[in-house]
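Novice: One structure coming up, written as structure tokens, with questions to follow.
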Amino acid sequence: MKESLNLLFIATVLLAFPFLGRAQHGLSYNQFGQLRNAFNGSLSLMDPDGGAAILSRLQWVGLDGAPRSYWASGHVGVKRLGITVGVDVKQATMGVVRDNELSGYIASAVRLSEDEYLGLSVGGGLLIHNGNFSTLDAEDPSFREDIRGNQGMMSIGTSYFREDKYYFGVSIPRLVLGRNDNEFDYDFRRVYYITGGALFRIDDGFHIRPSFIVSHMEGMTPRYDVSALAFFAQKFGVGLGVQNQGDLSGLLQFNMGGFGIGYSYQFSPGSNTTKQSISNKTHEIGLRYRVGGMKML
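With this note's numbering, the residue at position 165 of the sequence shown is 165, and numbering never jumps.
Structural data, given as structure tokens:
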């Protein structure tokens, strides 16, 4: 009985996938202040020696076919050329629908002063969409045909930052050119980001790091996220995030040596008990490595 209800729910969700996708947005995550390169390749210049990060985001935990997203990014610094070279991988699944993004970029910076830089990144990649609808019910004509699609893309990002102080960036990591209108056009729309953050020193053992991100996909309402973490002894951080959609998130961060691990729990405080069973209760786990040691910003 439970399996039948889950199948019915997933089928309903998939039929309305574009509209649910707009509500969920699916373009960013809560730990954007710590794991930022996936949104803007030019921000990799803040870690000139190299680094890597991976994040797992699980929504509607406990429901079969619930949305899951995975991000992975890494870059190396080429000092003699003054550039960084990086790769990004993203996978998002919901039921039988799976979207993948594979991309790479090159970033370079212009030094404006002793510790101020203007960065630029350019790159490209591939979007892959798979909808395995025939696995739901091969006898039902509504789910008989699978949907497949690929699309090339470019990326561009720019940023202004001051070492260990603040950063601001604007990027289009999914700049889709020559797109054909079709039934899975939603998955190939352009994506835009505006990101920023700062680090304030209260004393040697206490720092505050506010961050924000604005994410936007063509034809959708922009999503705004703001968060702030308080760091103790430059190693342990605890904070809170809020979205314009009304969700809140609790954030934890622990840095040790060259590694940092983070956790986030997102929830909708205004949901009643019935709605909470399918509301956006989301868990995130992120891991980051930075050559030369972790920093708070």
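All C-beta atoms, glycine included, are put in the ideal place defined by N, C-alpha and C.
Starting from GLU101, follow its DSSP beta bridges and name the residues at the other end.
Specialist: Within the sequence shown, the letter at position 101 stands for residue 101. DSSP lists LYS90 and LEU127 as partners of GLU101.
Novice: Which class does SER28 belong to by DSSP, given the choice of helix, strand or coil?
Specialist: In the sequence shown, counting from the first residue as 1, residue 28 sits at position 28. Residue state, collapsed to three classes: coil.
Novice: By a C-beta neighbour count over all protein chains shown, 10 Å radius and 16 as the cutoff for buried, is LYS79 buried or exposed?
Specialist: Your numbering for residue 79 matches position 79 in the sequence shown. Burial call: exposed.
Novice: Could you name the residues that DSSP lists as bridge partners for LEU45?
Specialist: Locating residue 45 in the sequence shown gives position 45, counting from the first residue. LEU45 is not bridged to any residue.
Novice: What did DSSP end up calling PHE188 once you bin it into helix, strand or coil?
Specialist: Numbered from 1 along the sequence shown, position 188 holds the residue referred to as residue 188. PHE188: helix per DSSP, three-state reduction.
Novice: Are there 16 or more other CB atoms within 10 angstroms of the CB of GLY313, so buried, or fewer, so exposed?
Specialist: Outside the displayed span of the chain (1 to 297) sits residue 313, for which this structure offers no information.
Novice: With three or more C-beta pairs closer than 8 angstroms as the rule, is the segment 113 to 127 touching the segment 50 to 58?
Specialist: Segments in contact, no.
Novice: State the start and end residues of the unbroken beta strand (DSSP E) segment that holds GLU284.
Specialist: Residue mapping note: residue 284 aligns to position 284 of the sequence shown, counting from 1. First-last of the beta strand (DSSP E) with GLU284: 282 to 290.
Novice: Could you work out which residue in LEU81, LEU58 and GLY77 is closest to GLY70 when comparing CA atoms only?
Specialist: Within the sequence shown, the letter at position 70 stands for residue 70. In the sequence as presented, Gly is not what sits at residue 70; that position holds Tyr. Cα-wise, what sits closest to TYR70 is LEU58.
Novice: Can you name the start and end residues of the beta strand (DSSP E) that SER56 belongs to?
Specialist: Position 56 of the sequence shown, counted from the first residue, corresponds to residue 56. Taken as a continuous stretch (DSSP letters only), the beta strand (DSSP E) holding SER56 covers 50 to 59.
Novice: Is the beta carbon of VAL191 closer than 9 angstroms to that of SER211?
Specialist: Numbered from its first residue, the sequence shown carries residue 211 at position 211. Numbered from its first residue, the sequence shown carries residue 191 at position 191. Their beta carbons are not under 9 angstroms apart, which means SER211 does not touch VAL191 by this criterion.
Novice: Buried or exposed for ASP64, please, with buried defined as at least 16 other CB atoms from any protein chain shown within 10 angstroms of its CB.
Specialist: Along the sequence shown, one-based indexing puts residue 64 at 64. The residue in question, ASP64, is exposed, as its Cβ has fewer than 16 Cβ neighbours within 10 Å.
Novice: From ALA230 to GLY149, what does the alpha carbon distance come to, in whole angstroms?
Specialist: Taking the sequence shown and counting its residues from 1, the one referred to as residue 230 is at position 230. Taking the sequence shown and counting its residues from 1, the one referred to as residue 149 is at position 149. Looking at the two C-alpha atoms, the distance is approximately 44 angstroms.
Novice: Looking at C-alpha atoms only, which residue of PRO269, GLY104 and ILE156 is the closest neighbour of GLY86?
Specialist: Stepping through the sequence shown from its first residue, residue 86 is reached at position 86. Here the closest residue by C-alpha is GLY104.
Novice: Taking DSSP as the reference, what is the three-state secondary structure of GLY174?
Specialist: Mapped onto the sequence shown, residue 174 falls at position 174. The residue asked about is misnamed: residue 174 is Arg in this sequence, not Gly. The answer is strand: DSSP assigns ARG174 an E or B state.
Novice: Let me check understanding here. Comparing Cα to Cα, which of MET217, MET154 and PHE236 lies closest to ILE208?
Specialist: The residue you call residue 208 lines up with position 208 of the sequence shown. Measuring from the Cα of ILE208, the nearest candidate turns out to be PHE236.
Novice: Judging by CA-CA distance, which residue of ARG174, VAL242 and ALA109 is the nearest neighbour of PHE161?
Specialist: Position 161 of the sequence shown, counting from 1, holds the residue named residue 161. Among ARG174, VAL242 and ALA109, the Cα nearest to that of PHE161 is on ALA109.
Novice: Within a Cβ cutoff of 8 angstroms, which residues of the same chain sit near MET294, ignoring the five residues on either side of it in sequence?
Specialist: Looking up residue 294 in the sequence shown gives position 294. So the list reads ASN255, MET256, GLY257, GLY258, PHE259, GLY260 and ARG288, once near-sequence residues are dropped.
Novice: Pop quiz: MET46 and TYR166 are said to be a contact at Cβ under 8 angstroms. What is the actual Cβ separation, rounded to whole angstroms?
Specialist: As a working note, residue 46 is residue 46 in the sequence shown. As a working note, residue 166 is residue 166 in the sequence shown. No, MET46 and TYR166 are not in contact; Cβ-Cβ is about 10 angstroms, not under 8 angstroms.
Novice: Tell me whether MET1 is buried or exposed, calling it buried when 16 or more other Cβ atoms sit within 10 Å of its Cβ.
Specialist: The sequence position of residue 1 within the sequence shown is 1, counting from 1. Residue confidence is low: MET1 scores 44 on pLDDT, short of 50, so the model does not pin down where it sits. No coordinate-derived value is stated.
Novice: Please classify ASN244: is it buried, with 16 or more other beta-carbons within 10 angstroms of its beta-carbon, or exposed?
Specialist: Numbered from 1 along the sequence shown, position 244 holds the residue referred to as residue 244. Label assigned to ASN244: exposed.
Novice: Which same chain residues, not among the five before or five after ARG36, have their C-beta less than 7 angstroms away from its C-beta?
Specialist: Against the sequence shown, residue 36 aligns to sequence position 36. Cβ neighbours of ARG36 beyond the five flanking positions: LEU43 and THR195.
Novice: Output the residue ranges of the beta strand (DSSP E) runs that lie fully inside the segment 181 to 256 and measure 3 residues or longer, sorted by chain position.
Specialist: Here the runs fully enclosed are 191 to 198, 200 to 203, 206 to 217, 223 to 232, 236 to 243 and 248 to 256.
Novice: Could you give the distance in angstroms between the alpha-carbon of ILE202 and the alpha-carbon of TYR117?
Specialist: Here residue 202 corresponds to residue number 202 of the sequence shown, with the count starting at 1. Here residue 117 corresponds to residue number 117 of the sequence shown, with the count starting at 1. Their backbone Cα atoms lie some 25 angstroms apart in a straight line.
Novice: What does the alpha-carbon distance come out to for the pair PHE200 and HIS283?
Specialist: On the sequence shown, position 200 is the one that residue 200 refers to. On the sequence shown, position 283 is the one that residue 283 refers to. Approximately 28 angstroms, taken between the alpha carbons.
Novice: Residue range of the beta strand (DSSP E) that GLY152 falls in?
Specialist: By 1-based counting over the sequence shown, the position of residue 152 is 152. Per DSSP, GLY152 belongs to the beta strand (DSSP E) from 147 to 162.
Novice: Are the CB atoms of ASN40 and VAL97 within a distance shorter than 9 angstroms?
Specialist: What you label residue 97 is simply residue 97 of the sequence shown in a count that begins at 1. What you label residue 40 is simply residue 40 of the sequence shown in a count that begins at 1. For VAL97 and ASN40, no; Cβs fall outside 9 angstroms.
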